[in-house]
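Enquirer:
In UniProt numbering, the protein residues as written are 1 to 491.
Quick look at the structure:
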């Protein structure tokens with residue numbers, strides 16, 4: 001992998017764009033100025049602005065999401081071919097229409113104005129382009145705004161990040177330079193991604209947020225948090241380190257979010273999370289979000305969450321918009337089969353998953369050697385190299401990323417339309433999180449698993465967990481990958 005040139009590319013980008021936004025320091029004068037701006041906003045003006053956003057998108061071209069108010073179950077489509085108009089004789093693989101499935105489609109008759117949000121936040125929501133709340137947002141935001149402890153079960157890619165960031169930002173007092181919100185995540189890449197979302201939603205509100213993750217310079221985090229922040233987003237170990245050292249002031253009432261709660265509460269992080277709860281004020285609101293909640297989460301809920309409200313939006317585990325296939329191969333034929341798939345498929349971006357680091361590195365080199373440039377990413381890489389790889393992949397500098405399960409947890413790669421399991425994952429939960437990298441926010445994607453005879457039993461376990469059979473992929477099936485993969489009753 002051309003790591004040196006990738007580092008140089010990122011350094012050039014940083015010179016053009018200036019320092020990273022998370023390195024910015026916040027001064028009280030600037031916070032007060034923004035608060036005055038917030039007070040001058042009019043709810044009527046914002047409601048009118050929201051109507052203009054919705055109206056403009058109805059009139060927009062193929063790049064916008066179109067809504068017809070009088071059609072409750074209207075399919076919302078968005079072209080991912082740079083706005084090019086598809087002709088009737090163009091193959092479906094050449095022009096993919098992304099369907100927004102019912103798990104993210106706007107909830108009938110519910111609008112952002114109904115939640116009683118602060119004017120600046122409400123305007124920012126519309127500016128970003130959030131026309132209506134998704135089902136998980138409509139179900140959880142009003143309860144979170146009331147201070148309830150929540151246990152939210154929602155599929156990957158259905159808008160759950162905004163469902164906790166929005167009520168958190170609404171509750172924060174910008175005049176009080178204290179840590180009022182903490183968002184815990186299991187991996188560094190997810191922390192950086194969510195931190196960007198927090199900054200995007202809070203722009204102009206005077207809210208300071210920082211990502212704090214292991215594998216980076218501790219002194220840098222100490223300086224940033226000491227300058228005064230309202231929100232910390234990070235991995236449990238680094239956040240506990242900072243809180244134990246009493247870096248920054250913790251608010252008397254803090255909102256604590258667990259994103260990918262099942263991972264955060266397992267044996268890997270359990271003791272660290274328990275230590276954090278011991279250090280935080282007892283007056284706190286806890287929000288748990290995950291696609292799966294194993295049995296051990298129950299003990300945490302009973303011990304730490306008072307009167308929690310459970311919101312379950314998952315009638316089935318797999319994302320609706322993802323079509324799943326497998327093809328049976330001999331171990332010696334996996335690479336040949338993979339090459340054939342990569343050459344035949346119309347790929348925007350593709351993530352290929354392997355079960356171990358050695359396979360990841362070797363496979364990425366083999367794919368690149370076939371004339372198809374690819375990156376790889378795994379937990380043994382330095383944080384700087386991981387950041388560079390992920391940064392470049394998100395920017396579209398490469399179509400293929402070979403990875404371990406490192407990036408299966410909530411990491412958003414919006415242009416990914418294919419996930420390929422070179423190795424069958426070790427658990428049905430890992431399979432679920434892997435295929436969730438395609439089909440983000442209700443869009444359509446395809447997951448293909450390369451299965452040996454020895455792995456058929458593992459595939460059967462996955463099918464049993466999902467409650468549905470995974471279809472075999474025949475040669476002719478490649479031509480039908482983009483045919484409607486959403487049942488009528490799911491639309």
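Glycine included, every Cβ here is placed at the ideal spot set by N, Cα and C. Predicted, not measured: the structure shown is a model, and the values here were computed from it.
Output the distance between the C-alpha atoms of residue 311 and residue 330, rounded to the nearest integer angstrom.
Expert: Cα to Cα, the separation comes out at about 43 Å.
Enquirer: Would you report the Cα separation of residue 159 and residue 238, rounded to the nearest angstrom?
Expert: Those two C-alpha atoms are separated by around 26 Å.
Enquirer: How many angstroms separate the CA atom of residue 513 from the CA atom of residue 393?
Expert: Residue 513 lies beyond the stretch modelled for the chain, which goes from 1 to 491, so this question has no answer here.
Enquirer: In terms of residues, what are the limits of the beta strand (DSSP E) holding residue 417?
Expert: Taken as a continuous stretch (DSSP letters only), the beta strand (DSSP E) holding residue 417 covers 416-421.
Enquirer: Where residue 124 and residue 337 are concerned, what is the direct C-alpha to C-alpha distance, given to the nearest angstrom?
Expert: C-alpha separation (whole angstroms): 47 Å.
Enquirer: Beta-carbon within less than 6 Å of residue 184's beta-carbon, same chain only, minus the 5 sequence neighbours each way: which residues are those?
Expert: Same-chain partners within the cutoff: 236, 258 and 264.
Enquirer: Please go through the same chain and pick out, in chain order, the residues whose beta-carbon is closer than 7 Å to the beta-carbon of residue 244, but skip the five residues on each side of it.
Expert: So the qualifying residues of the chain are 279.
Enquirer: Run through the DSSP bridge pairs and tell me what residue 152 is partnered with.
Expert: Answer by DSSP bridge pairing, in chain order: 289 and 311.
Enquirer: Could you tell me how far apart the beta carbons of residue 400 and residue 350 are, in whole angstroms, since I believe they sit closer than 8 Å?
Expert: With a Cβ gap of about 5 Å, residue 400 and residue 350 count as contacting.
Enquirer: When you compare each of 451, 203 and 421 to residue 437 by their alpha carbons, which one comes out closest?
Expert: That would be 421, whose Cα lies nearest to the Cα of residue 437.
Enquirer: Just grab the DSSP bridge partners of residue 254 for me.
Expert: The partner list for residue 254 (beta bridge, DSSP) reads 284.
Enquirer: Identify, in the order they occur along the chain, each residue of the same chain with its Cβ nearer than 7 Å to the Cβ of residue 275, setting aside the five sequence neighbours on each side.
Expert: Excluding residues within five positions, the ones whose Cβ falls inside 7 Å are 240.
Enquirer: Could you please give me the residues that DSSP links to residue 232 through a beta bridge?
Expert: Beta-bridge pairing links residue 232 to 182 and 210.
Enquirer: With DSSP as the reference, label residue 452 as helix, strand or coil.
Expert: Reduced to three states, the DSSP call for residue 452 is coil.
Enquirer: Can you tell me where the alpha helix (DSSP H) with residue 359 in it begins and where it stops?
Expert: It spans 357-369 - the alpha helix (DSSP H) in which residue 359 sits, taken as one unbroken run.
Enquirer: What are the residues that DSSP puts in a beta bridge with residue 322?
Expert: For residue 322, which the question treats as bridged, DSSP gives the partners 445.
Enquirer: Taking just the CA atoms, how far does residue 427 sit from residue 346?
Expert: Looking at the two C-alpha atoms, the distance is approximately 29 Å.
Enquirer: Cα separation between residue 462 and residue 431?
Expert: The straight-line gap from Cα to Cα measures roughly 7 Å.
Enquirer: Ignore the nearest five residues each way along the sequence and tell me which others in residue 471's own chain have a CB closer than 6 Å to its CB.
Expert: Only 325 meet the Cβ criterion.
Enquirer: Check whether the region 172-188 touches the region 224-234, taking contact to mean three or more Cβ pairs, one atom from each stretch, closer than 8 Å.
Expert: With the cut-off at 8 Å, the region 172-188 and the region 224-234 touch.
Enquirer: Are the beta-carbon atoms of residue 416 and residue 371 separated by less than 9 Å?
Expert: No, the Cβ-Cβ distance between residue 416 and residue 371 is not below 9 Å.
Enquirer: Using 9 Å as the threshold, is the C-beta distance between residue 352 and residue 374 below it?
Expert: For residue 352 and residue 374, yes; Cβs fall inside 9 Å.
Enquirer: For the beta strand (DSSP E) containing residue 402, name the first residue and the last one.
Expert: Counting along the chain, the beta strand (DSSP E) containing residue 402 begins and ends at 400-403.
Enquirer: So, is residue 322 buried or exposed, given that buried needs 16 or more other C-beta atoms within 10 angstroms?
Expert: It is buried - the Cβ of residue 322 has at least 16 other Cβ atoms within 10 Å.
Enquirer: Where does residue 352 fall in DSSP's three states?
Expert: In this structure, residue 352 counts as strand in the three-state DSSP scheme.
Enquirer: Determine the DSSP secondary structure at residue 193, reduced to helix, strand or coil.
Expert: Looking at residue 193 - three-state DSSP - the assignment turns out to be helix.
Enquirer: Which residues mark the beginning and the end of the alpha helix (DSSP H) in which residue 431 is found?
Expert: Element bounds for residue 431: 428-435.
Enquirer: Decide if residue 255 is buried, meaning its Cβ has at least 16 other Cβ atoms within 10 Å, or exposed.
Expert: The residue is buried, with at least 16 neighbouring Cβ atoms inside 10 Å.
Enquirer: Taking the alpha-carbon positions, what's the residue 300 to residue 151 distance?
Expert: Residue 300 and residue 151: Cα-Cα distance of roughly 11 Å.
Enquirer: Residues in its own chain within less than 6 Å of residue 468 by CB, not counting five upstream and five downstream?
Expert: Taken in chain order, the list of residues that qualify is empty.
Enquirer: What do you get for residue 404, buried or exposed, if any count of 16 or more other CB atoms within 10 angstroms of its CB means buried?
Expert: It counts as buried.
Enquirer: My output table needs one value for residue 295: the three-state DSSP class, helix, strand or coil.
Expert: It is coil, neither helix nor strand.
Enquirer: Please name the residue, chosen from 167, 222 and 474, that lies closest to residue 146 on a Cα-to-Cα basis.
Expert: Nearest C-alpha to residue 146: 167.
Enquirer: Pull up the distance between the alpha-carbon of residue 364 and that of residue 389, whole angstroms please.
Expert: About 13 Å.
Enquirer: Using the Cα positions of residue 126 and residue 382, report the straight-line distance between them to the nearest angstrom.
Expert: If you take the alpha carbons of residue 126 and residue 382, they lie about 38 Å apart.
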